[in-house]
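Position one of the sequence shown corresponds to residue 1 (the UniProt record's numbering), numbered consecutively onward.
Each residue gets a CB set at the ideal place from its N, CA and C atoms; glycine is no exception.
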Amino acid sequence: TVEVEARSLPMELSEKRGVENNGFVQNEAFEDEEADASSQEEMPGKCTVVVDPMPVEETVVKPYAGMPKEVLLQFSSQARYRVTREILFWLIIAGSIALVCATIAIIALSPKCLDWWQASPIYQIYPRSFKDSNMDGNGDLKGIQEKLDHITYLNIKTIWITSFFKSPLKDLGYGAEDFYDIDPMFGSMRDFENLLAAIHDKGLKVIIDLIPNHTSDKHRWFQLSRNRTGKYTDYYIWQDCTQAAGIVTPPNNWVSVFGGSSWQFDDVRKQCYFHQFGKEQPDLNFRDPAVQQEIHDIIKFWLGKGVDGFSFGAVKFLLEATHLRDEPLVKKNQANITAYSQLYHDYTTTQVGLHDIIRSFRHTMNEFSTEPGRYRFMGSDDDEKEDIEATMMYYGTTFIQEADFPFNFNLINMKTLSGNSVFEAVDSWMKNMPAGKWPNWAVGSPNAARISTRIGKEYINVMNMLLLTLPGTPVTYYGEEIGMENIASGDVSEELVNSGLLVLTLPEKSPMQWDGKVNAGFTEGNSSWLPVNSNYQTVNVEVQSTWSNSTLSLYRALTWLRNNELPMNRGWMCHIWNDSNVFVYVRELDGLDGVFMMVLNFGQESTTDLKAIAPHLPSEAVVRLSTHSSSAGKVVNTKLIKTEMGEGLVLEYNTAKPFHTMKAFQGKCFVAEKACYSKAFNLLYMNC
1 TVEVEARSLP MELSEKRGVE NNGFVQNEAF EDEEADASSQ EEMPGKCTVV VDPMPVEETV
61 VKPYAGMPKE VLLQFSSQAR YRVTREILFW LIIAGSIALV CATIAIIALS PKCLDWWQAS
121 PIYQIYPRSF KDSNMDGNGD LKGIQEKLDH ITYLNIKTIW ITSFFKSPLK DLGYGAEDFY
181 DIDPMFGSMR DFENLLAAIH DKGLKVIIDL IPNHTSDKHR WFQLSRNRTG KYTDYYIWQD
241 CTQAAGIVTP PNNWVSVFGG SSWQFDDVRK QCYFHQFGKE QPDLNFRDPA VQQEIHDIIK
301 FWLGKGVDGF SFGAVKFLLE ATHLRDEPLV KKNQANITAY SQLYHDYTTT QVGLHDIIRS
361 FRHTMNEFST EPGRYRFMGS DDDEKEDIEA TMMYYGTTFI QEADFPFNFN LINMKTLSGN
421 SVFEAVDSWM KNMPAGKWPN WAVGSPNAAR ISTRIGKEYI NVMNMLLLTL PGTPVTYYGE
481 EIGMENIASG DVSEELVNSG LLVLTLPEKS PMQWDGKVNA GFTEGNSSWL PVNSNYQTVN
541 VEVQSTWSNS TLSLYRALTW LRNNELPMNR GWMCHIWNDS NVFVYVRELD GLDGVFMMVL
601 NFGQESTTDL KAIAPHLPSE AVVRLSTHSS SAGKVVNTKL IKTEMGEGLV LEYNTAKPFH
661 TMKAFQGKCF VAEKACYSKA FNLLYMNC
């Protein structure tokens, strides 16, 4: 017997959520009626089928790519996924916080990056003598543009172009007739704009000269002032004076820098005007606010053009005492005063209020320094010579900035050359420089004889080595990189002598010597405004660029060393030894074992025992660079270092005991932008 029981079914349609079909119910009722009608018919026995219920396996779904949101949500609530997600979330948060904190710490601990005027040497160009592009015998702005590759070849990124304003050139261009225009000798304003664009395209910076103290007597302001026209009446310093039989009786005994009275009678105004320099260069009256505003407008004009900085010259002469008293005599009984050196210039230089004016210049320049990477440099070109404290005042104070640095002429002003005199020149600047300020050095300028003429050809290389290994910014006057010499004064043409130019300063302005061709490659014209030095066949850029032992090759090696070795461009400088022959110092940086030691000979052949001076020194050091190229790479005994006259050595060694950490050398070590090196992170930081 088979029995079918509905309850034995594993599941019903309703449990499977099926749809009930009423048609099937109707058919079942109809069949029941038929069964009742035929009840008498013989029916087979019941057949019972026993079906054992089978368990139903649930389908397990695993996470898969592209799953819909509904499926994803089924898993997201499970503990193993939720905990993992939370761990990852908090790890990301902690990592982000750690990254931000590390960034803040690095910024806080990192030293200030060297600015562009600190990172590169400065190359000073006298434009009339650099390169002539139009064959008229005078250097010009297009000529400078043609030779920009020479600047980059020297590993230099900053150019200083001396005055090129429109001028009668009575003072070699320093008495401007128009501060807003280019002298036609040098080209046009378009030429300047093209030069500026080319300089910046090469990643270089440019500084220009500005002499605010005076103008040319051809300047429109002076012409209006001498006629007492409106606000220009007091633009210059006028005083009553008498003239009888062609002899002028000045208001006092003040003498000009060039000699003779600093007062000049003017036939138009019938008064005397004051001039600190030549009579063709009347001094502006900086006690008149309108004059000061004129200078600020000039600064803004050129900064707006895109120049990167100024060298302000002759600024110590901006103000004079209003009481007009006679200046004190150097020799009390001196009767006839004609020379500038015969007076103490207590009333015509560095007067009260001077630094307020300079600070106002700085303020105007700062208005153009807000854009990142466009800081505008300000230098002051005033040589106080004997008064180092007065020079240092141009740095400003801790809270009020003036110049980024006053140009340093200590190495030019040395009266004699020796290891001792060089040490004194360096030490004088470093000890008097305000804390946190940046030094600079120069060994040549347009107003000083060239190195080879001033102290001798044998000292050219060692002076360049000194210049480029001292801390701070070195300034190179064009031609010093190849060892150019002055021309003889007798070579200056009679026409120039009679023109009123400062003949005494012309020999160091001879044309740049580019190659061995006629006129040294300076001009393709028939002649140059000054004669080329007769040694141009061997002393020129083209020849020296092919010699491994040339002055030019050494100069390039030194600039590369300065730019690429941390101890050289921002490390400590410690004075080790000096005597009549040698000057010895080191450059070192906290965190670096490598030290550079300079042994420079400015006298006669000498032997120096550095181990006796500093017993902790290693017994040997390697010659990194030498003025004698054959010595490079050799090992020297620090107990017995021999140097010839004019020889310089850059030695390299490793030590765990730098000089600046030793008590014995306290007071002999200086650092401007302190930094320490971390080997672990390969970065610089401040707090050593």
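Check: Cβ-based burial, Y375 [other Cβ within 10 Å; buried from 16]; Outcome: buried
Check: Span of the alpha helix (DSSP H), counted from its first residue to its last, around G571; Outcome: Element bounds for G571: n/a, residue is neither H nor E.
Check: Coarse secondary structure for Y235, derived from DSSP in three states; Outcome: coil
Check: Straight-line gap, S39 to P68 (C-alpha atoms, nearest Å); Outcome: Only weak support is given to the placement of S39: the predicted model assigns it a pLDDT of 46, under 50, and the value that follows is read from those uncertain coordinates. Distance between the alpha carbons of S39 and P68: 60 Å.
Check: Enclosing alpha helix (DSSP H) for S225 [first to last residue]; Outcome: R220 to R226
Check: Simplified DSSP state of N564, which is helix, strand or coil; Outcome: helix
Check: Exposed unless 16 or more other CB atoms sit within 10 angstroms - verdict on Q145; Outcome: buried
Check: Whole alpha helix (DSSP H) elements within the stretch 56-137, 4-residue minimum; Outcome: 69-76, 79-109 and 116-119
Check: Buried or exposed by the 16-neighbour rule on C-beta atoms within 10 Å, applied to Y344; Outcome: exposed
Check: Spatially closest choice to G379 from G309, P446, A119 and G230, by CA coordinates; Outcome: G309
Check: Separation of I460 from A448, as counted between CA atoms; Outcome: 15 Å
Check: Beta-ladder partner(s) of A244, from DSSP; Outcome: I247
Check: S534 in three-state terms, based on DSSP; Outcome: coil
Check: Neighbourhood of F670 by C-beta distance below 6 Å, restricted to the same chain and skipping five residues each side; Outcome: M430 and M573
Check: Distance, E673 Cα to residue 695 Cα; Outcome: Residue 695 falls outside the range modelled here, since the chain spans only 1 to 688, and no answer is possible.
Check: Identity of the residue in Y123, W117, F130 and G95 nearest M512 by Cα; Outcome: F130
Check: Residue 700 and L610 closer than 7 Å at C-beta; Outcome: The shown model of the chain, from 1 to 688, leaves out residue 700, and the question about it has no answer.
Check: With 16 other Cβ atoms within 10 Å as the buried cut-off, status of F596; Outcome: buried
Check: Under the three-state DSSP convention, the category W160 falls into; Outcome: strand
Check: Own chain partners of N285 with C-beta closer than 8 Å, once the 5 adjacent residues on each side are dropped; Outcome: D234, Y235, Y236, I237 and V291
Check: Coil, strand or helix - E384 by DSSP; Outcome: coil
Check: Touching by the beta-carbon criterion (3+ pairs, under 8 Å), the stretch 191-206 and the stretch 242-260; Outcome: no
Check: Rounded Cβ spacing between L148 and K305 (contact assumed at less than 8 Å); Outcome: In fact, because the Cβ distance is near 18 Å, the residues do not count as touching under 8 Å.
Check: Neighbourhood of G419 by C-beta, 7 Å cutoff - its chain only, sequence neighbours within 5 removed; Outcome: N578, D579, S580, N581, V582, F583, F602 and G603
Check: Alpha-carbon spacing of P121 relative to A335, whole angstroms; Outcome: 47 Å
Check: Cut-off 8 Å between Cβ atoms - residues of its own chain near R359, not counting five sequence neighbours on either side; Outcome: G396, I400, Q401 and E402
Check: Segment limits, beta strand (DSSP E) that includes F301; Outcome: Where F301 is concerned, there is no enclosing beta strand (DSSP E), although the alpha helix (DSSP H) it sits in stretches over P289 to K305.
Check: Inside the stretch 164-200 only - beta strand (DSSP E) runs reaching at least 3 residues; Outcome: 178-182
Check: Pair within 7 Å by beta-carbon distance, V462 and T661; Outcome: no
Check: Segment contact, 8 Å Cβ cut-off, at least three pairs: the stretch 176-183 with the stretch 214-224; Outcome: yes
Check: Residues near S648 by beta carbon distance below 6 Å, same chain, minus five either side; Outcome: For the record, residue 648 in the displayed sequence is Gly; it is not Ser. V462, M465, L600 and T627, listed in sequence order.
Check: Candidates E652, L154, L504 and P531: closest to Y585 by CA position; Outcome: E652
Check: Counted within 10 angstroms of its Cβ, other Cβ atoms place V352 as buried (16 or more) or exposed; Outcome: exposed
Check: Span separating the alpha-carbon of K205 from that of T242; Outcome: 50 Å
Check: Buried versus exposed, by CB contacts within 10 Å (16 or more), Y64; Outcome: exposed
Check: Reference K634; option with closest CA among E620, L224, E458 and G173; Outcome: E620
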